[in-house]
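Q: Read in numbering that gives the first Met the number 0, the sequence shown has 95 at position 96, and its numbers run on one by one without any break. Take a look at the following structure, please.
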Amino acid sequence: MIDLHNDLITYEYLSEIEKKERIKKDIKDDANVCYALFLNGKNADYLNSYSWAKEYKNLSIEDIGGIDDFVDILSFTPKFVTLTWNGENQYGGGAFSDCGLKKKGKEVVGKLNSENIALDLSHLNRKTFFNVVDKAERILVSHTCFDKLRQHERNLTDEQIKTVIEKNGVIGLTLVRGFLTDKKEATIEDLVAHIDYFCSKFSFRNLAIGTDFFGTDNGVKGINDYSDFYKIKEALKRIGYQDDVVEDIMTGNAERFIINC
0 MIDLHNDLIT
10 YEYLSEIEKK
20 ERIKKDIKDD
30 ANVCYALFLN
40 GKNADYLNSY
50 SWAKEYKNLS
60 IEDIGGIDDF
70 VDILSFTPKF
80 VTLTWNGENQ
90 YGGGAFSDCG
100 LKKKGKEVVG
110 KLNSENIALD
120 LSHLNRKTFF
130 NVVDKAERIL
140 VSHTCFDKLR
150 QHERNLTDEQ
160 IKTVIEKNGV
170 IGLTLVRGFL
180 TDKKEATIED
190 LVAHIDYFCS
200 KFSFRNLAIG
210 TDFFGTDNGV
220 KGINDYSDFY
230 KIKEALKRIG
240 YQDDVVEDIM
250 TGNAERFIIN
260 C
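As C-alpha cells, then:
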C-alpha cells in the first residue's frame, strides 16, 4: 500500500523527544508513506529544525504560509507542497476562508512548476482551488473525501474531482471521521461508500489513500494502523471489486503519480 498523507509533527500527546524518536522509527518502517511536515504557518527556522527528514524520499510540506524564501522549501526536495492550511495566509485562502490565490501565491506556483513539484490542493477553498488549477502543471489532493456523501468544506465536489482527473492528478481518500460521515463513529462501510461512489461515477484510476493517521484521533473504527489495511481490501472484494482494481486504489495509482514527481 501507499499512503499519500500522514503528518510528521502532530503527535500532540507525546513529548518533543518522543515525537522525534517515534517519527524516525515510522519513517524507517513505512517506506511507502508520504509524510507531511505540517508547518501551520511557522517560519523557516521551524522547518529547518526537521532537517533530518531530508533523507526521507517521500516527503511533502503542508502550509508554507510562514516561509518567505523558496530555497528553504527546495532544500527538503518535497514531492508536493500545500500552500495553506484551513485559514488565509500570504499565498491564498484555505478551506475556511474566502480569498483566492494571491500574487505571492501565483509566484510560488510558478516556482513549484519549474522544479516539477506538485501542488497539493487538499486544504484550499474552492476559489483558490480553481485559481491554482489554472496555473499548476501537476496537482493532487492528498487527503480528502467527497462532498456528495458528506458535505464539508474540506471535501471535493464532483466538479473538483473532474478537474483533478482532467489534469491527471490523484486523490487520496482520508480516514478522518468528520470528512467521511456526520455520525459519531466512522466505519469501514463509510470508507468503502466513498470509494464506491468515486469509482462508480468516475474511475478507479485516479483514486488512492491518504490516511492522515497522525493528524486526527477520530478515524475509522477498526483501522488503527497500516496492519489493518487488509480489512479495506477485503471489504472492497466483498462487494465485487477485482484484485487488480483494489491494488491500484491501495498502491498503483499513488505509486505512478509519485514516480513522476
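Glycine residues also receive a C-beta, built at the ideal position from the N, C-alpha and C atoms.
Counting pairs of beta carbons, one from the region 43-62 and one from the region 81-90, are three or more of them closer than 8 Å?
A: yes
Q: Taking 8 Å as the threshold, find out whether the region 208-215 comes into contact with the region 174-186 through three or more Cβ pairs.
A: Yes, they touch.
Q: Residue ranges of each beta strand (DSSP E) run of no fewer than 3 residues wholly in the region 35-120, ordered along the chain?
A: 58-61, 79-81 and 117-119
Q: Could you give the distance in angstroms between the alpha-carbon of F95 and the alpha-carbon of I116?
A: 25 Å
Q: Between the beta-carbon of G109 and the beta-carbon of N130, is there less than 8 Å?
A: In this structure, N130 does not lie closer than 8 Å to G109 by Cβ.
Q: What does a CB cutoff of less than 6 Å around V244 pick up in its chain, not counting 5 residues either side in sequence?
A: F203
Q: Considering only residues of the same chain and omitting the five flanking positions on each side of G93, which have a CB-CB separation below 7 Å?
A: Exclusion of the five residues before and after G93 leaves T83, W84, N85, G86, E87, H122, L123 and N124 as the residues of its chain whose Cβ lies within less than 7 Å of its Cβ.
Q: Which residue's Cα is closest to the Cα of F201: Y225, G221 and N167?
A: N167
Q: Cutting at 8 Å between CB atoms, please list the residues of its own chain near E11, excluding the five before and the five after it.
A: Caution is warranted here: a pLDDT of 44 is assigned to E11, below 50, making its placement in the model unreliable, and the coordinate value is therefore given only provisionally. Closer than 8 Å at the Cβ level, and outside the excluded window around E11, lies no residue.
Q: Skipping 5 residues on each side, what residues in its chain have a beta carbon closer than 7 Å to that of G104?
A: L82, Y90 and G91
Q: Please classify G218: is it buried, with 16 or more other beta-carbons within 10 angstroms of its beta-carbon, or exposed?
A: buried
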